[in-house]
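Asker: In order, the protein sequences belong to chains A, B, C and D. Residue 1 in this note's numbering is what sits at position 1 of the first sequence, and the numbering runs on without skipping anything. Residue 50 in this note's numbering is what sits at position 50 of the second sequence, and the numbering runs on without skipping anything. Residue 109 in this note's numbering is what sits at position 109 of the third sequence, and the numbering runs on without skipping anything. Residue 63 in this note's numbering is what sits at position 63 of the fourth sequence, and the numbering runs on without skipping anything. Built from N, CA and C at the ideal position, the CB exists for glycine as well. Because the structure is a prediction, the values reported are computed rather than measured.
4 protein chains.
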Amino acid sequence: MLEVARDLFAERGDEVQMADVARAAEVGIGTVYRHFPTRRALLEAAAQHRFAEILAFAQEQCLAAPDSGEGLDLLLGHIGEVLARDRGLSGAIESAMGSNEPSGESRIALEKLAGTLIERGQAARAIRDDATVNDVYMIVCGLAAVIRTGSGDWRRFIRLALDGLRSVPRPPTP
Amino acid sequence: MLEVARDLFAERGDEVQMADVARAAEVGIGTVYRHFPTRRALLEAAAQHRFAEILAFAQEQCLAAPDSGEGLDLLLGHIGEVLARDRGLSGAIESAMGSNEPSGESRIALEKLAGTLIERGQAARAIRDDATVNDVYMIVCGLAAVIRTGSGDWRRFIRLALDGLRSVPRPPTP
Amino acid sequence: MLEVARDLFAERGDEVQMADVARAAEVGIGTVYRHFPTRRALLEAAAQHRFAEILAFAQEQCLAAPDSGEGLDLLLGHIGEVLARDRGLSGAIESAMGSNEPSGESRIALEKLAGTLIERGQAARAIRDDATVNDVYMIVCGLAAVIRTGSGDWRRFIRLALDGLRSVPRPPTP
Amino acid sequence: MLEVARDLFAERGDEVQMADVARAAEVGIGTVYRHFPTRRALLEAAAQHRFAEILAFAQEQCLAAPDSGEGLDLLLGHIGEVLARDRGLSGAIESAMGSNEPSGESRIALEKLAGTLIERGQAARAIRDDATVNDVYMIVCGLAAVIRTGSGDWRRFIRLALDGLRSVPRPPTP
DNA sequence: AATGAATGAGGGTTCATTCAT
DNA sequence: AATGAATGAACCCTCATTCAT
């Protein structure tokens, strides 16, 4: 049912109603509410689900990347693909929760992973020394927006962001 | 009245109702509808208004920047400040329109301006050769998301993005 | 509209829905909510309305009763008639508010009136010395229940209650 | 299970749900429905149960009262105590059944008992000659309301009512 | 007999929009 | 032009009841 809901939101975004989910899942609306006591809870679960999926991939693939500078490329690329596939979902989540950030265990695992990738990149001189996990968060947040609104080629956005993350920091223009 | 509406949306975001606007503007709700036939139209106007403000500043300040590489810094910095000031507005606009992009004349003028700044930067070797106006759009889109959701320090985001835009392009990781 | 609602509740009790009220009043349901932001608020208003009516009668008629012992008879008799006329209303009010007691100004005025009637009765040796306004409240509460559930002849109930109130108090059976 | 349900209703009144009963009884909800095909049926059974308890006490204690005038005092006092203990139950019953009156055998037994007590009282000149079982019903109905809504000191209510029942009837004020 | 997941008919409430005055 | 009362389509959520296991 969560899958059905996720697909529905992915397709039609925030305008999906609980009754739509019930219909698509071929259950009564009460059943939807039995599993998710609130529309918000359903969206939260869908968000978790998506994060878990991303995380699974990331832990499997990104950490295995041979060249230690490529991990973040892979991670962001995968995130982009998932977000692009479930386009409408991001919007629905954001308008229900106010943001797209993960929470709970996913968040912790994701932060740990990103931290590792950053460190590796830094060791390989492929990531600037002052880069932090928070930078990655912001980039993902921006990426989500670029994809959601279709404001341009998101792969290009990733490339720019990574180039920014790679470049040697310079003192801010005064 | 537009100003009042803009302030209201800036403060409370998408939850602002037409009746709230009327009350704040001290007019009847019918009058609001006389000026803006639809909630969406009002939001559109508020968006335009904001863009016009940004544009005015940009044309005045950014083009006047002595060092030809600094124009974009100034532009993005100003956009960030305006978006941060009117935090709620972006969300309201996006959930009504699907994106935050300008349209109409503002868009044309803004594109022209951005194009000029990019060209100057390129001439000064401060902006990579393959940079386009669309890159700037995406960065602004990302910036808006970072600010709206409060996912991190948006000034840092700008710095990263600009560093990405400054860096010498390299072939995408295959 | 309040009148319409009151009649409807009087007739069908707690099962009346907001949509029924709207239909009966020949307005949209939104209009009902414009006047009474909540079902409970509507019921509260109906209760007030009824109390005001009772109060108006009481102040006009009961205080004018020539024989100073008759005031309470008249008051309770009138209350009984009103409650019997609006049978269903009491139940609806009680299940929404938990009790049928008046509140606000009505309560104060009603208490003052009852106090006066009791004092007069006592002066005329027609009401026992230890009688209080609270006794009257309880009797009215009981009367309302008798009428609401149709458990017997409410006029008889009043007579019994008044006889209890008239009788010379004796020490409680130990 | 009936006991569990009764306690639950006593505590939380009409807001108790069938699922709550099941949980409290540590059985499945289906089992509750096996025993009581309807919420109303469950409430009916709880009401019966309560009446049976009252009846048992009454037959044991009240009929044994030495002074023949005291029986009703004892009966009403006990009813009051039970109703006060199971406060919420009365409300739940009333909103499901429309009244709190007993039915079936309990009713018959109770009426017989009350009749006996009245007759004894009359023989002892402690109860007015025109008193009937119905008077007692109404008083109990009123008592239940006084207790349920907490509108005052219910022991006082009983005393007043009994004084009313004791007093010599006079012609109604014309 | 016991279970508890599934059901779905409501019911209360909101709010963008209309239109008579 | 201005007003604001009226509108009613939506929408979220509840809970008594059913029924396959």
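Could you tell me if Ile158 (chain A) is buried or exposed, where buried requires 16 or more neighbouring beta carbons within 10 angstroms of its beta carbon?
Answerer: buried
Asker: What does a CB cutoff of less than 6 Å around Leu113 (chain A) pick up in its chain, not counting 5 residues either side in sequence?
Answerer: Here the set comprises Ala58.
Asker: Using a Cβ-Cβ cut-off of 6 Å (strictly less than) and excluding sequence neighbours within five positions of Gly69 (chain B), which residues of its own chain qualify?
Answerer: By the criterion of a C-beta distance shorter than 6 Å, Gly69 (chain B) is surrounded in its chain by Gly121, Ala124 and Ala126, once the five residues flanking it on both sides are discounted.
Asker: If you reduce the DSSP assignment to three classes, tell me which class Gly69 (chain C) lands in.
Answerer: coil
Asker: Report the start-end ranges of each beta strand (DSSP E) in the segment 2 to 50 of chain B that is 3 residues or longer and not cut off at the edges.
Answerer: Segments of the beta strand (DSSP E) lying fully in the segment 2 to 50 of chain B: there are none.
Asker: Contact criterion: CB-CB distance below 8 Å. Does Thr149 (chain D) meet it with respect to chain C?
Answerer: yes
Asker: Residues of the segment 69 to 90 of chain C with a CB closer than 7 Å to any CB of chain D: list them in chain order, please.
Answerer: Glu70 and Asp73
Asker: Considering only the alpha carbon of each residue, which of A:Glu111, A:Leu72 and A:Gly142 lies closest to Ser99 (chain A)?
Answerer: A:Gly142
Asker: Helix, strand or coil: how does DSSP classify Ala123 (chain A) here?
Answerer: The answer is helix: DSSP assigns Ala123 (chain A) an H, G or I state.
Asker: With a cut-off of 8 Å, does the C-beta of Ser95 (chain C) fall near any C-beta of chain D?
Answerer: yes
Asker: Does Leu8 (chain C) come within less than 8 Å of chain D when only Cβ atoms are used?
Answerer: no
Asker: Under 8 Å between beta-carbons, which chain A residues line up against Ala144 (chain B)? List them in chain order, please.
Answerer: Ala145
Asker: Applying a beta-carbon distance threshold of less than 9 Å, which residues of chain D neighbour Cys62 (chain C)?
Answerer: Neighbours of Cys62 (chain C) on chain D: none; closest Cβ ~13 Å, over 9 Å.
Asker: Buried or exposed: Leu153 (chain D), going by 16 or more other Cβ atoms within 10 Å of its Cβ?
Answerer: Strictly speaking, residue 153 (chain D) in this sequence is Asp, with Leu absent from that position. By the neighbour-count rule (16 or more Cβ atoms within 10 Å), Asp153 (chain D) is not buried but exposed.
Asker: Pop quiz: Ile147 (chain B) and Leu83 (chain B) are said to be a contact at Cβ under 8 Å. What is the actual Cβ separation, rounded to whole angstroms?
Answerer: 5 Å
Asker: Return the first residue and the last residue of the alpha helix (DSSP H) that Arg128 (chain B) is part of.
Answerer: Careful: Arg128 (chain B) lies outside any alpha helix (DSSP H) and carries neither H nor E.
Asker: Exposed or buried, Asp86 (chain B), counting other C-beta atoms within 10 Å across all chains shown (16 or more means buried)?
Answerer: Around the C-beta of Asp86 (chain B), 16 or more other C-beta atoms lie within 10 Å, and the residue is accordingly described as buried.
Asker: With a CB to CB cut of under 6 Å and the five nearest residues on each side skipped, what residues in its chain are close to Leu89 (chain B)?
Answerer: Phe9 and Ala10
Asker: In angstroms with no decimal places, state the Cα-to-Cα distance between Ile93 (chain C) and Asp20 (chain A).
Answerer: 37 Å
Asker: Just the Cα atoms here: how many angstroms apart are Leu42 (chain B) and Asp67 (chain A)?
Answerer: 52 Å
Asker: So for Ala64 (chain C), helix, strand or coil by DSSP?
Answerer: coil
Asker: Alpha carbons only, please: which of C:Leu165, C:Glu81, C:Val136 and C:Leu162 is nearest the one belonging to Arg50 (chain C)?
Answerer: C:Glu81
Asker: Against chain C, does Arg156 (chain D) count as a neighbour if the rule is that its beta carbon must be under 8 Å from one of theirs?
Answerer: Judged by the 8 Å Cβ criterion, Arg156 (chain D) is in contact with chain C.
Asker: If you measure from the beta carbon of Ser99 (chain D) to each beta carbon in chain C, is any gap under 8 Å?
Answerer: yes
Asker: Do Arg107 (chain C) and Arg166 (chain C) have their C-beta atoms closer together than 8 Å?
Answerer: no
Asker: Using 8 Å as the limit for Cβ to Cβ distance, is Ser106 (chain D) near chain C?
Answerer: no
Asker: Suppose you measure from the CA of Ala22 (chain C) to the CA of Met97 (chain C); what does that come to, to the nearest Å?
Answerer: 21 Å
Asker: Given that a residue counts as buried once 16 or more other Cβ atoms are within 10 Å of its Cβ, and exposed if not, what is Thr31 (chain B)?
Answerer: exposed
Asker: On the DSSP letters alone, give me the boundaries of the alpha helix (DSSP H) that Ala58 (chain D) sits inside.
Answerer: Taken as a continuous stretch (DSSP letters only), Ala58 (chain D) belongs to no alpha helix (DSSP H), as it is neither H nor E.
Asker: Which bits of chain B does Leu160 (chain A) rub up against, with CB to CB less than 7 Å?
Answerer: The answer, in chain order, is Asp135, Ala161, Gly164 and Leu165.
Asker: Could you give the first and the last residue of the continuous alpha helix (DSSP H) run that contains Asp163 (chain C)?
Answerer: Trp154 to Arg166
Asker: For Gly152 (chain C), return the contacting residues in chain D, with the cut-off set at a CB-CB distance below 7 Å.
Answerer: Result: Asn134, Tyr137 and Met138.
Asker: Ordered along the chain, which non-local residues of its own chain (more than five positions away) have a Cβ less than 7 Å from that of Pro174 (chain A)?
Answerer: Any answer about Pro174 (chain A) is weak, because its pLDDT of 46 lies below 50 and its placement is not dependable; what the coordinates show is given next. Within the same chain, Pro174 (chain A) has no close Cβ partners at all.
Asker: Considering only C-alpha positions, which residue in the set C:Ala145, C:Glu101, C:Leu160 and C:Leu76 is nearest to Ala46 (chain C)?
Answerer: When only C-alpha atoms are compared, the closest one is C:Glu101.
Asker: Less than 8 Å between the CB atoms is what I'm expecting for Ala161 (chain A) and Gly164 (chain B), so what's the real figure, rounded?
Answerer: 6 Å
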